[in-house]
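Inspection log for the structure reproduced underneath, given as structure tokens.
Numbering (the UniProt record's numbering), first residue to last: 1 to 161.
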């Protein structure tokens with residue numbers, strides 16, 4: 001992730017496209033169910049063990065929820081960016097500049113249609129290592145349509161340098 005100051009400033013001034021859908025939280029719910037069973041087993045040993053399991057489970061689930069909430073896809077005059085992370089060493093911005101975008105696509109499936117949760121890909125025309133791939137995105141289909149429309153408009157207006 002690129003943590004340069006100019007990109008972090010851009011994150012505050014960009015226009016949001018989409019964030020994570022409710023389906024991104026299903027892993028947290030399953031983990032909470034497992035932690036309830038682990039807590040019940042821990043009570044068989046001691047209250048101290050149960051307190052440890054409760055504290056660890058709360059921290060782990062809370063951290064995962066905050067990380068999911070931090071993912072934000074947005075755009076500005078320079079390109080399309082993803083901001084994510086909550087801890088200082090994991091927080092950052094990565095993205096693709098308008099001039100380097102190949103195309104934006106989403107995965108169409110029965111699951112994504114039914115749950116309104118899309119996997120999106122914003123491709124880099126030169127390398128796959130720099131592309132954006134995000135799963136479980138709310139309004140992902142609309143975000144992909146907007147990115148492609150904006151990219152085509154910039155090409156027609158000859159504003160890509």
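Note that beta-carbon positions come from the ideal geometry of N, C-alpha and C, so glycine has one too. Just so you know, these numbers come straight off a predicted model, no measurement behind them.
Local conformation of residue i per DSSP, three classes
| i | result |
| --- | --- |
| residue 60 | helix |
| residue 84 | strand |
| residue 100 | helix |
| residue 121 | strand |
| residue 156 | helix |
| residue 108 | coil |
| residue 93 | strand |
Cβ-Cβ distance between residue i and residue j below 8 Å
| i | j | result |
| --- | --- | --- |
| residue 160 | residue 118 | no |
| residue 43 | residue 50 | yes |
| residue 145 | residue 122 | no |
| residue 39 | residue 54 | yes |
| residue 134 | residue 73 | yes |
| residue 56 | residue 136 | no |
| residue 120 | residue 106 | yes |
| residue 229 | residue 71 | This structure leaves residue 229 out entirely; the chain is present only between 1 and 161. |
Rounded Cβ spacing between residue i and residue j (contact assumed at less than 8 Å)
| i | j | result |
| --- | --- | --- |
| residue 76 | residue 140 | Going by Cβ atoms, the distance from residue 76 to residue 140 rounds to 19 Å, so no, they are not a contact pair. |
| residue 132 | residue 80 | 7 Å |
| residue 102 | residue 116 | About 26 Å; that fails the 8 Å criterion. |
List in chain order: all unbroken alpha helix (DSSP H) runs of 4+ residues lying wholly within the segment 29 to 55. none
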